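*Asks:*
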Ligand SMILES: [Zn+2]
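In the working numbering, the protein residues as written are 36 to 326.
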């Protein structure tokens, strides 16, 4: 009989959706007041995430850049998924040189700001916090840079810089932190779209990384990649929920962090809901031994 386990797209054993939901009210209570972001710079290298009607765009503010940074060959795709997650309350723009994401509050046809969603607040807070730089490596890779399985996203820890000044020479009482997160954008897109919550998994990865950075900022201790991380579990739970479960069906031996067919007998990662056919994310079979 195949064994079946719930997995998160982070590639770890996931808490139930119910458990994740229990954390929502807690973070709603602490959600911050979001203001327009007057410190962001847009230049000729900017790329818009093309999912928002441009007539609702506010004039882009000028000033200093913001601090969610997308890198890697799939960063435009990652930006588009983030845009999908925040809907039309924010317009996201990525600088193609630095990968920095900025946002503007959108306005409606009467010139009033569109009400910011909970997801929008979370992303805006991460962008506005110049003491924590969230760095996301976006690719189509099946493996992280440390050779672990990369199904959706992976928490790769962070570095506390030990510096108490912002990157713009402004005094800060908080130490600077630079985080690392890696995402397979094909899979995050596939999973979110399957569960009909576009962008939710990408938003989860960005905010999880940011929250891990907040923990490290408070303790002063840099964090390691999961599963050896100090703060991964707490950050995963506190981040916006993933769109749905990734399930695993395995036959025979499976290495705990299997990344290649040689490490398993047979394994299938898939998503499913009651009203849709199961969708396979990845299947691995051990190659037959040559005589
Ligand atoms: Zn997670």
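All C-beta atoms, glycine included, are put in the ideal place defined by N, C-alpha and C.
Here the structure is a predicted model, which is why all the values come from computation and not from measurement.
Between which two residues does the beta strand (DSSP E) harbouring residue 174 extend?
*Replies:* Start and end: 167 to 174.
*Asks:* Hey, quick one: how far does the beta strand (DSSP E) through residue 193 stretch, first residue to last?
*Replies:* 188 to 195 is the extent of the beta strand (DSSP E) around residue 193.
*Asks:* With a threshold of 6 angstroms, establish whether the CB of residue 243 neighbours any heavy atom of ligand 1.
*Replies:* Yes, since a heavy atom of ligand 1 falls inside the 6 angstroms radius drawn around the Cβ of residue 243.
*Asks:* Spatial neighbours of residue 314 within its chain, please: C-beta separation below 8 angstroms, excluding the five flanking residues on both sides.
*Replies:* Around residue 314: 225, 229, 305, 306 and 307.
*Asks:* Taking the straight line between their C-alpha atoms, what separation do you get for residue 274 and residue 109?
*Replies:* For residue 274 and residue 109, the distance between alpha carbons rounds to 22 angstroms.
*Asks:* According to DSSP, is residue 329 part of a helix, a strand, or is it coil?
*Replies:* Here the chain comprises residues numbered 36 to 326, so residue 329 is not present and cannot be evaluated.
*Asks:* Under the rule that 16 or more other beta-carbon atoms within 10 Å means buried, what is residue 5, buried or exposed?
*Replies:* This structure does not reach residue 5, given that the chain is present from 36 up to 326, and the question cannot be answered.
*Asks:* For the region 204 to 251, which segments carrying the alpha helix (DSSP H) assignment without a break, of at least 4 residues, lie completely within its bounds, in sequence order?
*Replies:* List check, alpha helix (DSSP H) in window: 220 to 229.
*Asks:* Residue 150: buried (16+ other C-beta within 10 angstroms of its C-beta) or exposed?
*Replies:* It counts as exposed.
*Asks:* In whole angstroms, what separates the C-alpha of residue 159 from that of residue 117?
*Replies:* In a straight line, the C-alpha of residue 159 is about 11 angstroms away from that of residue 117.
*Asks:* Leaving aside the five residues before and after residue 169 along the sequence, list all residues of the same chain whose C-beta is less than 8 angstroms from its C-beta, in chain order.
*Replies:* Correct list, in chain order: 102, 103, 104, 161, 214, 216, 241, 244, 245 and 248.
*Asks:* Determine the closest residue to residue 135 out of 269, 154 and 165, with distance taken between C-alpha atoms.
*Replies:* Selected option, being the one with the closest Cα: 165.
*Asks:* With DSSP collapsed to three states, give me the class of residue 255.
*Replies:* Coil.
*Asks:* Could you have a look at residue 147 and say whether DSSP puts it in helix, strand or coil?
*Replies:* In this structure, residue 147 counts as coil in the three-state DSSP scheme.
*Asks:* How is residue 86 classed by DSSP in three states: helix, strand or coil?
*Replies:* With a pLDDT of 40 at residue 86, under the threshold of 50, the modelled position of this residue cannot be trusted; read the value that follows with caution. Residue 86: coil per DSSP, three-state reduction.
*Asks:* Could you tell me how far apart the beta carbons of residue 176 and residue 235 are, in whole angstroms, since I believe they sit closer than 8 angstroms?
*Replies:* That pair is no contact at about 21 angstroms.
*Asks:* Could you give the first and the last residue of the continuous beta strand (DSSP E) run that contains residue 105?
*Replies:* 103 to 106 is the span of the beta strand (DSSP E), which, as asked, contains residue 105.
*Asks:* Is residue 263 near ligand 1, with its Cβ less than 6 angstroms from a heavy atom?
*Replies:* No.
*Asks:* Can residue 220 and residue 119 be called in contact, C-beta distance under 7 angstroms?
*Replies:* Not a contact, by the Cβ cut-off of 7 angstroms.
*Asks:* Just the Cα atoms here: how many angstroms apart are residue 146 and residue 257?
*Replies:* Their Cα atoms are separated by approximately 44 angstroms.
*Asks:* Going by Cα to Cα distance, which pick from 131, 107 and 139 is closest to residue 121?
*Replies:* Nearest C-alpha to residue 121: 139.
*Asks:* Kindly give me the distance between the Cβ atoms of residue 172 and residue 107, rounded to whole angstroms, as I take these residues to be in contact under 8 angstroms.
*Replies:* Rounded, the Cβ-Cβ distance is 4 angstroms, consistent with contact.
*Asks:* Going by beta-carbon coordinates alone, are residue 218 and residue 188 separated by less than 7 angstroms?
*Replies:* Contact: yes.
*Asks:* Under the three-state reduction of DSSP, which class applies to residue 163: helix, strand or coil?
*Replies:* If DSSP states are grouped into helix, strand and coil, residue 163 belongs with the helices.
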